[in-house]
Every structure is written in C-alpha cells, then in structure tokens.
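Protein chains in written order, with this note's numbering: chain A, 1 to 194; chain B, 1 to 457. Worksheet: the structure to be examined is printed underneath.
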C-alpha cells in the first residue's frame, strides 16, 4: 500500500517541470506575494494562469459601482511594456465585461494594428456607449480585408445606425473584397431591421 | 417585451410550387402561410423509391459524433444519400468519404475542407452539423441561407445571442432545423411529459437533473505543439479566440475549454435540462432566476467547471436543479418529484418511488397530449417533406440551450441572477448581460457574408 506521503499534492514544478519555468517563474523570483494583476501581463499560452484566475474571480465579484477601479487596474496592466499576446487577450476580455468609455482610447489604439485589432474588439464590441461605437467606425477606415469584415460584424452586433453611410459605401465599393462588401450588406440589413 | 435579439425579419414572397423533389423542398415552405399544404405528401415526390428521389445530405464535422451519425445515415439506404463530407481535418474527411463511397459502391461522395463550398452545392437538401460548438451557429446560418434544412448537434449554439440569430434565420428562410436532443423521440420521455403535465404526480414540487462528471485532468500547464499535417487549425478555431494548437485542446476535449464550449453544462445538460423544459411546458420560455456554483480549475487547459450545481427557478415557483452526478460516471438522468412520489427517467433506465407510477406513466390516453416522435431522424426527414416543425425545433432548442448557458453564466459569476425569458435579458446585472454574446475573431460574425466561396456544383 502506498504511503500517505506519496499521495500528497505535487507542486507545479513536479507536475510539469518544463512548463513551470514559463508562466510560474515568479514563484522562485521573490519571497513577496506577487501582484496577480501585473502578472496578467506576462500570461503565456500554456503557462500557469492561476493569477489570471484570481483576477477574474475578483472582477466578477466586484459590484458595478466599483468597476471604475477595476477598469483602471486593467488598463494599467494593459499598458505595461512587454504585455504578452495572451495577457492582452485576457485583459481585453475582462474589459469587455467591466469596461466603459474610459477604456476606449487605449482600445482604439490597439484597433489601429491588425495584430491587436481582434482582441481589442472583444472589449469594444461589448462596451456600451457612443465612444466605443465611434472607435469601431474609425477602425473601419484603418483596417482592411478580414479585419475590416470583423469590425463590420461588431458594428452590426451593436446596431450602430450611425455607421450606415460608411457601410453603404463599403457595400458598393467594387475595390473591396467580397467578404467586406457582403458583410456590409448583411450589416445594413440588420440595422434596417432594428 | 420583444426580445433584444429578435430583429424584424423580412417576409419572403410566395412562389409557385414545383413538382421536382429539390424544388419542392426549397419552395414548399415559402407557401405554407398562403396555401394549405397537405400534412403527408406522396412518397413518389422524394425520399423513397427511385434513387433520384432520395434526400441528399452533407455531413459537416466528421469526428466523434459526426461518425456516429454517419453510421445511422448509411442505414437509410432508401431515404438518404450522403453526397458530401466536410471536415477541417483531412484524415477525418477522407476516411468518411472513403467509407461512404465503399458502402454505396460509387464515387459520388466528395470531400470538402470548407463548409461554405459544401453549403453552396445546389444538389444537397440538408446538412448534418457535428462540429465543435463554436462553429454551430455560423455553419447552420450559412446552410439555411443556402436553402438547406439542418440537423444540428447539441448544444444548438455557444451563446444566447447566436441562438436567437439562428432561430431568426430559420424562420426567415423557412428551413427545418432539428436539434440533436434525441431524447424527445424516446417514448419514455414523451410518456413522462404527458403524465406529469396531466397531473400524474400531483402538484410538481421540483425537478432534479443529474449529469456526468466533467473534464479530464491534463495538468496545470500545457505545451503548444506543431499543428498536425492535414489539420487546418485556423479554420478549426474559426470565430473563437486564437490560441496555439495542442493535442488536448482540439478534437473532443474542446468541450472543456470555455472559448469553444461550456463543458457538461451544455454537453449533457442539453439532454436532461431539455426534458425538464419539456415537462415544465417551457419550450418557448425559461426560468426567471438562476443561481449556481461550480468548481473551476485555477490553471491548466480546461476552463469549464469540473463540478456543477445550478438552481433554475421558474415563474410557477417550481425549481429545477442541475448537479454533477458523482456516483455514476457519464450517466445523466432527469428526476421529477411531486405530491404522489417521484419518477427518475434516463435514456438507459427508469425508476419510481412506486412501480405503479411507472405503469401509469406508460399507459395511453392521458389528459394532456404533446407531439410525439418515434425516431429522431425519421422525424427530421418527415418534417422536411411536410415542412412542419420537427420534434426538437430550433426555438425549442434555443430555449433549452439558453437554460444551459444561463447555468454557465451563473456559475461564472457565482451569484443569483434574474432572467426575463421574453426579453432574453438579465434583470439588473450588466456583466451577465454582456456575457450573452461573444465577439468573434475576424472575419467571422453573425452577419458574415460567406459568398466569396466558390460554387462547386
């Protein structure tokens, strides 16, 4: 019979020694309790995500009256130099749940780059208010191809009637790829039915 | 109050019926509002008899569940001809196509890596969708827009917003959509519904749904891996957030990753909560209050809860509980408790507080009658012919899937939520309302135009 000791929980390093080096490296760096918010900027696909889990739990338990403080922390983390791709995706997802007009300038900046537009849109599409709608309309001009089609989808989801003229122009522009023209046409149908 | 997702759909003009099988399937539904259509149509029109009259189908998703469906479809030799298979995994689609052509003794069935090409074949009447959950809505809507009837695996969609969009599309284009909640076609569940609704248990006190355990443990961290040859990983991800490939994050196990599915809450919950909804006569509505808690792994690949415990309360005051059954691996069952005792009805077993209750349940001539189906596929094919609603129609499916999604959101938030089933929105909870939909990765969206695909008839 195995001894009780052999059944004790393993550490992350014992479970997966190679992977523990990536996301969980902070465990060995300092004796102080690490700041889970800052660590969200270091999140890696496949790495330890326990700090992000803790932050998410904190966020969903925060009353709406306190969302402003949460939003500030998320934005500050998003602005950290070297924020990883996975970290940015997580932070934008959280901003989609609690974000407001205050988040729009940072997200609008991310919308200008094709490499970050998708994750920024995960927040912008869900944030209520004219500021987020305006940022998406602005992105229509700067993005191209598939990314532009994605923005059209977000505009349609928000039923942003102010985007009607821009969508009509895209629909009728033969220089646009079919997916942009067609998606603009469907978005106009959706706006008309709202 | 009108649903936020309801949208106004345009009315399609009535068009003359054609006597050809394909034309009939396409057009007959358009005329149902204006003309009396017979409930049973002559079999010579299609589906039986000469090979040219068989219903033609495409299979989209040839993995675990798609292959199981194929086993059945190949048995419908006089009714169905499978003409196409689509899967983003080359090995899977080619294996399925080789099998189909071998069974049929022909080379007619073709393989597709892109569902858009299959959906644009004008010689295919219906598609069966067995893909990961995050693809269900977009593929089904595209099929509907291209004139296909749809048999779609459960859960209907990944989000509440997707579900409403799919219902709208099915109604706008008058397409038959059968949801894969096949328990609706089992006699015992039909008997149960009529019995309980007829007062057979006396006043119904509560419903309890037990579902199999969730997730598998694959470690606190995971390693991105090279995409296997023949797998189009970008297309597999489709509208869901990008992540690198890893073996445990793809086929089958996707259901334990919240970006792609909602774990057993929607996988098994879609079956037993569906029976609860049916018994409670909530096929066009849902609960008004939800409270849940679940065990979520703090790290690792899998992000859906490994243990669930959700309470749904209906306007009638009857609660429906959904819990992880930790005693019977993989089993799920629906229990109904009333003044006269209880009934425990699962797909593989039945029991009751008193054997007499089971006998009463199975007796004919109950006061309340509900539509019946003896076979889920037959019911779908019949609905294709008659253009009537199938036993697990898309609105019913959306409402059941919404119950599952409400449970998932309640567990994620860990607090009591109030739900307005008419408006399809949470009352007084902004965060929960934002969780009703999920932005999609470009170029995909609920208004995606997929017309750039090449027609391949």
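Glycine residues also receive a C-beta, built at the ideal position from the N, C-alpha and C atoms.
Measuring CB atoms only, is the region 421-436 of chain B touching the region 131-150 of chain A, in the sense that at least three cross pairs come out at less than 8 Å?
Short answer: they don't touch.
Which whole-angstrom value describes the C-beta separation of residue 72(B) and residue 321(B), a residue pair presumed to lie in contact below a C-beta threshold of 8 Å?
On the second chain, residue 72(B) is found 72 positions in, with the first residue counted as 1. On the second chain, residue 321(B) is found 321 positions in, with the first residue counted as 1. 33 Å between Cβ atoms; not a contact.
Specify, as a first and last residue, the run of the alpha helix (DSSP H) that residue 118(A) falls within.
Taking the first chain and counting its residues from 1, one reaches residue 118(A) at position 118. Membership of residue 118(A) in the alpha helix (DSSP H) is indicated by the continuous run 114-124.
Inter-residue spacing [alpha-carbon to alpha-carbon] between residue 217(B) and residue 57(A):
Taking the first residue of the second chain as position 1, residue 217(B) is located at position 217. Taking the first residue of the first chain as position 1, residue 57(A) is located at position 57. Here the C-alpha atom of residue 217(B) lies approximately 21 Å from the C-alpha atom of residue 57(A).
Range covered by the beta strand (DSSP E) that runs through residue 207(B):
As a position in the second chain, residue 207(B) is number 207, starting the count at 1. Under the DSSP assignment, residue 207(B) falls in the beta strand (DSSP E) whose first and last residues are 204-211.
Under 8 Å Cβ to Cβ from residue 414(B), same chain only, skipping five residues before and after it: list those, please.
Along the second chain, one-based indexing puts residue 414(B) at 414. Exclusion of the five residues before and after residue 414(B) leaves 292 and 293 as the residues of its chain whose Cβ lies within less than 8 Å of its Cβ.
According to DSSP, simplified to helix, strand and coil, what is residue 174(A)?
In the first chain, counting from the first residue as 1, residue 174(A) sits at position 174. Looking at residue 174(A) - three-state DSSP - the assignment turns out to be coil, as it is neither helix nor strand.
If we cut at 8 Å on Cβ distances, does residue 265(B) have a partner in chain A?
Taking the first residue of the second chain as position 1, residue 265(B) is located at position 265. Interface criterion not met: the Cβ of residue 265(B) is under 8 Å from no Cβ in chain A.
For the region 84-95 of chain A against the region 117-128 of chain A, do three or more pairs of beta-carbon atoms, one drawn from each stretch, fall closer than 8 Å, so that the two count as touching?
Contact between the region 84-95 of chain A and the region 117-128 of chain A is present, because at least three Cβ pairs lie under 8 Å.
Assuming residue 70(B) contacts residue 59(B) under a Cβ cut-off of 8 Å, what Cβ separation, rounded to an integer in Å, is found between them?
As a first step, residue 70(B) is located in the second chain; it is residue number 70 there, counting from the start. As a first step, residue 59(B) is located in the second chain; it is residue number 59 there, counting from the start. A Cβ-Cβ distance of about 6 Å is found for the pair residue 70(B) and residue 59(B), placing them in contact under the 8 Å criterion.
Does any residue of chain A have a CB that is nearer than 8 Å to the CB of residue 222(B)?
For the purposes of this step, residue 222(B) is identified with residue 222 of the second chain, where counting begins at 1. Interface criterion met: the Cβ of residue 222(B) is under 8 Å from a Cβ in chain A.
Proximity of residue 240(B) and residue 134(B) at Cβ, strictly below 8 Å
Counting from one through the second chain, the residue named residue 240(B) turns up at place 240. Counting from one through the second chain, the residue named residue 134(B) turns up at place 134. Taking 8 Å as the Cβ cut-off, residue 240(B) and residue 134(B) qualify as a contacting pair.
Per DSSP, which residues does residue 112(B) bridge with? Please list them.
Translated into the one-based positions of the second chain, residue 112(B) becomes position 112. DSSP output for residue 112(B) lists 86(B) as bridge partner(s).
Taking the Cβ atom as the reference point for each residue, do residue 305(B) and residue 411(B) lie within a distance shorter than 8 Å?
Looking up residue 305(B) in the second chain gives position 305. Looking up residue 411(B) in the second chain gives position 411. Taking 8 Å as the Cβ cut-off, residue 305(B) and residue 411(B) qualify as a contacting pair.
Quick one: list the residues of chain B neighbouring residue 152(A), beta-carbon separation under 8 Å, in chain order.
As a working mapping, residue 152(A) is identified with position 152 in the first chain. Around residue 152(A), the beta-carbon contacts reaching into chain B at under 8 Å are 445 and 447.
Tell me which same chain residues have a C-beta within less than 6 Å of the C-beta of residue 22(B), skipping the five on either side of it?
Here the question's residue 22(B) lines up with position 22 in the second chain. Legend: pLDDT at residue 22(B) = 48, less than 50; position of this residue unreliable, value from coordinates given subsequently. Leaving aside the five residues that flank residue 22(B) on each side, none in its chain has a CB nearer than 6 Å to its CB.
Please report whether the beta-carbon of residue 144(A) lies at a distance below 8 Å from any beta-carbon of chain B.
Taking the first chain and counting its residues from 1, one reaches residue 144(A) at position 144. Not closer than 8 Å to any Cβ of chain B, the Cβ of residue 144(A) fails to qualify, so no.
Can you check whether the C-beta of residue 37(A) is within less than 8 Å of a C-beta belonging to chain B?
One-based indexing of the first chain puts residue 37(A) at position 37. For residue 37(A), the answer is no, since every Cβ of chain B falls outside 8 Å of its Cβ.
Just grab the DSSP bridge partners of residue 419(B) for me.
Reading the second chain from its first residue, position 419 is the one you call residue 419(B). According to DSSP, residue 419(B) shares a beta bridge with 426(B).
Quick check: the Cα distance between residue 213(B) and residue 404(B), rounded to an integer number of angstroms?
Working through the second chain from its first residue, we reach residue 213(B) at position 213. Working through the second chain from its first residue, we reach residue 404(B) at position 404. Each residue's CA atom was taken as its position, placing residue 213(B) and residue 404(B) some 16 Å apart.
Does any residue of chain B bring its CB to less than 8 Å from the CB of residue 50(A)?
Numbered from 1 along the first chain, position 50 holds the residue referred to as residue 50(A). Interface residue, yes.
Assign residue 422(B) to buried or exposed, taking buried as 16 or more other Cβ atoms, counted over all protein chains shown, within 10 Å of its Cβ.
Position 422 of the second chain, counted from the start, is the residue given in the question as residue 422(B). Exposed is the call here.
Within chain A, the residues that residue 414(B) reaches when beta carbons sit closer than 9 Å:
Taking the second chain and counting its residues from 1, the one referred to as residue 414(B) is at position 414. By Cβ distance, chain A contributes 57, 60 and 61.
Once the 5 residues before and after residue 447(B) are set aside, which same chain residues still bring their CB inside 6 Å of it?
The residue given as residue 447(B) occupies position 447 in the second chain. If we look at residue 447(B) and ignore the five residues flanking it on each side, it has no Cβ neighbours.
Going by DSSP, which residues form a beta bridge with residue 351(B)?
Here residue 351(B) is taken as the residue at index 351 of the second chain, counted from 1. DSSP lists 344(B) as partners of residue 351(B).
For the pair the region 175-187 of chain B and the region 143-160 of chain B, tell me if three or more CB-CB distances fall below 8 Å.
With the cut-off at 8 Å, the region 175-187 of chain B and the region 143-160 of chain B touch.
Give every residue of the same chain whose Cβ lies closer than 7 Å to the Cβ of residue 165(B), excluding the five residues on either side of it in the sequence, and list them in chain order.
Along the second chain, read from residue 1 onward, the residue named residue 165(B) stands at position 165. 5, 137, 141 and 446.
Spatial distance of residue 156(B) from residue 314(B) (CA atoms)
Taking the second chain and counting its residues from 1, one reaches residue 156(B) at position 156. Taking the second chain and counting its residues from 1, one reaches residue 314(B) at position 314. Cα to Cα, the separation comes out at about 22 Å.
Contact the region 90-109 of chain B vs the region 242-250 of chain B: 3+ CB pairs below 8 Å
Not touching, per the Cβ criterion.
For residue 82(A), which of helix, strand or coil comes out of DSSP?
Along the first chain, one-based indexing puts residue 82(A) at 82. In the three-state DSSP reduction, residue 82(A) falls in the coil class, being neither helix nor strand.
Could you name each continuous beta strand (DSSP E) segment of 3 residues or more that falls completely within the region 289-321 of chain B, going from the start of the chain to the end?
Here the runs fully enclosed are 289-295 and 307-313.
For residue 434(B) and residue 96(A), believed in contact at Cβ under 8 Å, the rounded distance
As a position in the first chain, residue 96(A) is number 96, starting the count at 1. As a position in the second chain, residue 434(B) is number 434, starting the count at 1. That pair is a contact at about 6 Å.
For residue 48(A) and residue 41(A), the rounded distance between their alpha carbons
Start at 1 with the first residue of the first chain, and residue 41(A) comes out as number 41. Start at 1 with the first residue of the first chain, and residue 48(A) comes out as number 48. Roughly 12 Å separates the two Cα atoms.
Smallest Cα separation from residue 436(B): which of 161(B), 116(B) and 209(B)?
Position 436 of the second chain, counted from the start, is the residue given in the question as residue 436(B). Residue 436(B) has its Cα closest to that of 161(B), out of 161(B), 116(B) and 209(B).
For residue 309(B), which residues from the same chain have a beta carbon less than 6 Å from its beta carbon, with the 5 sequence-adjacent residues on both sides left out?
Counting from 1 along the second chain, the entry for residue 309(B) is found at position 309. In the same chain as residue 309(B), and ignoring 5 residues on each side of it, the C-beta atoms closer than 6 Å to its own belong to 293 and 323, in chain order.
Tell me, please, which residues DSSP counts as bridged to residue 80(B).
Here the question's residue 80(B) lines up with position 80 in the second chain. The beta-bridge partner set that DSSP reports for residue 80(B) consists of 55(B).
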